[in-house]
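A.B. asks: Heads up, the sequence shown is in our numbering, so the first residue is 1265 and it goes up one at a time. This structure is in structure tokens; I'll ask about it shortly.
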Amino acid sequence: MTNILDEDYIATAIQASGNNNNKRLKNITIKKPIVVGNTATKIVERDSNTPLEHTHLWNIFVISPTVDGQKDLCFIKKVTFKLHDSYQPSVRTVEYDAEKPFMIEETGWGEFEISIKIYFQDGSQEKFLQIYHPLRLHSFYLILNEKSEEYEQKKAVSKEGENLFISADSSMVKSQYYDEIVFHEPYADFFVNWLLKSSNLLYKNENEISKQQKNGSVKEVFEYPFSEEVELNELERLENALMKTENILKKLRIEYMEKQQLLTE
Ligand code: SLL
């Protein structure tokens, strides 16, 4: 995905809004990539504040997969994470900070769905965006085998769209989803002050990401596997699938016509 916006086009759109900040910019749609996810590690050294039944230390985050990272999320005012009611308070708010990710840390024993609300900077006149993240703690699950009536250990498998990473010793899991926030005909003010000030530049490929990791500019939690290359591969996979489906359809159409022919004879 490119973020090359035609400057003349933007200038024309802004002008057409009569330079009025309260006008939506016609025919402009802008996408902002985000990554929503969590990591979890087993608790080995427990401090006195951690309840005994808590088995995992986990975090939940909304981060930017772009080269400039957190700064590219400046159009977000705050993010709220609604946890399971067993956590008090169950709603946690993180305001935008250029130096810190939208992330909270907790300990616990169980998995549950976290409801995340993303609020945009003042002037956007956009409603908050709500997304859900299924918190993942385990790399293995115990599943009852109905026949033998015994529990079997099954390795976690990724859900649709999920990028699941399990460390070699199974002590750490990371579950991430790539997503895009789409602003359709944004308000001029919000567009100029926030959306244009953040770039959408993704890493080109995995080599580029690992280079950044080596020189320390990408921190552990920001090791995401999303790059232009991954997106292009995904696109190719979808195009191939589409082609296959079209071929099947073509065949079916011919068969149908042949049968129709037989009927009329
Ligand atoms: C369920 N999935 O549907 C479970 C809920 C709740 C997890 C899991 C912390 C508890 C605490 C915690 O791990 N909650 O601190 O009391 O029933």
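Just so you know, even glycine gets a beta-carbon here, dropped at the ideal spot from N, CA and C.
Roughly how many whole angstroms lie between the Cα atoms of K1461 and E1271?
C.D. replies: 13 Å
A.B. asks: On the criterion of 16 or more Cβ atoms from any shown chain inside 10 Å, does R1501 qualify as buried, or is it exposed?
C.D. replies: exposed
A.B. asks: Among K1419, V1494, N1504, whose alpha-carbon lies nearest the alpha-carbon of A1235?
C.D. replies: With the chain covering 1265 to 1529 only, the question about residue 1235 has no answer from this structure.
A.B. asks: How is the beta strand (DSSP E) around I1382 delimited, first residue to last?
C.D. replies: 1377-1384
A.B. asks: For V1446, list the residues DSSP reports as bridge partners.
C.D. replies: K1295
A.B. asks: Is there contact between the region 1369-1388 and the region 1320-1329, where contact requires at least three CB pairs shorter than 8 Å?
C.D. replies: yes
A.B. asks: Quick check: what's the CA-CA separation for E1449 versus Q1279?
C.D. replies: 14 Å
A.B. asks: Determine the DSSP secondary structure at D1361, reduced to helix, strand or coil.
C.D. replies: strand
A.B. asks: Pull up the distance between the alpha-carbon of K1391 and that of H1348, whole angstroms please.
C.D. replies: 24 Å
A.B. asks: Would S1439 pass as a contact of E1424 if the rule is Cβ separation under 8 Å?
C.D. replies: no
A.B. asks: Just to confirm, are E1375 and P1398 a CB contact at a threshold of 8 Å?
C.D. replies: Note that the C-beta distance between E1375 and P1398 is below 8 Å.
A.B. asks: Tell me A1304's beta-bridge partners as DSSP assigns them.
C.D. replies: W1322, V1437
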